[in-house]
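So for the sequence shown, our numbering puts the first residue at -16; every next one is plus one.
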Amino acid sequence: MLQIAVVEDDVAASDTIRTYLNTILAEKQMSANIHVYDTAEQLIACRDMRQYHMALFDIELPGINGMEAAKRFREVNENAVIIFVTNMAQYAIRGYAVDALDYVLKPVSYFAF
């Protein structure tokens, strides 16, 4: 079973991401545990970030931002897919530093996701 982390402080955005993930997983006949974190600190405090196959990060978060969180996540988990879901497109180039797969701009449409 896939393990997916979503780091998003906006409840509506995290609900949308979770809905889209569940729809895609159902279409592919796959299942996953989706863990939603309101802050980057919550993810970083997680006992084992290596369990995740995928992590989706908002960049603009209270405290540690999503870019820094992705950097710390990547130090522990070299193989997970990282995707940024943000309205801050200007950080796209910096995503290469953590080997991010992609950026999805907010507001998130199902087609873009």
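Note that beta-carbon positions come from the ideal geometry of N, C-alpha and C, so glycine has one too.
- Cβ-Cβ separation between residue 4 and residue 15: approximately 7 Å, consistent with a contact (criterion under 8 Å).
- If the five residues before and after residue 82 are omitted, its C-beta is found closer than 8 Å to the C-beta atoms of 57, 65, all from its own chain and listed in chain order.
- In this structure, the straight-line span from the alpha carbon of residue 29 to that of residue -9 is close to 15 Å.
- Between residue 63 and residue 35, the CB-CB gap stays under 8 Å.
- Residue 20 has -10 as its beta-bridge partners, per DSSP.
- The continuous beta strand (DSSP E) containing residue 87 extends over residues 85 to 88.
- One thing to note: residue 0 has its Cβ no nearer than 8 Å to the Cβ of residue 23.
- Between the alpha carbons of residue 38 and residue 95 lies a distance of about 17 Å.
- Under DSSP, residue 65 takes part in a beta bridge, and its partners are 38.
- According to DSSP, residue -5 shares a beta bridge with no other residue.
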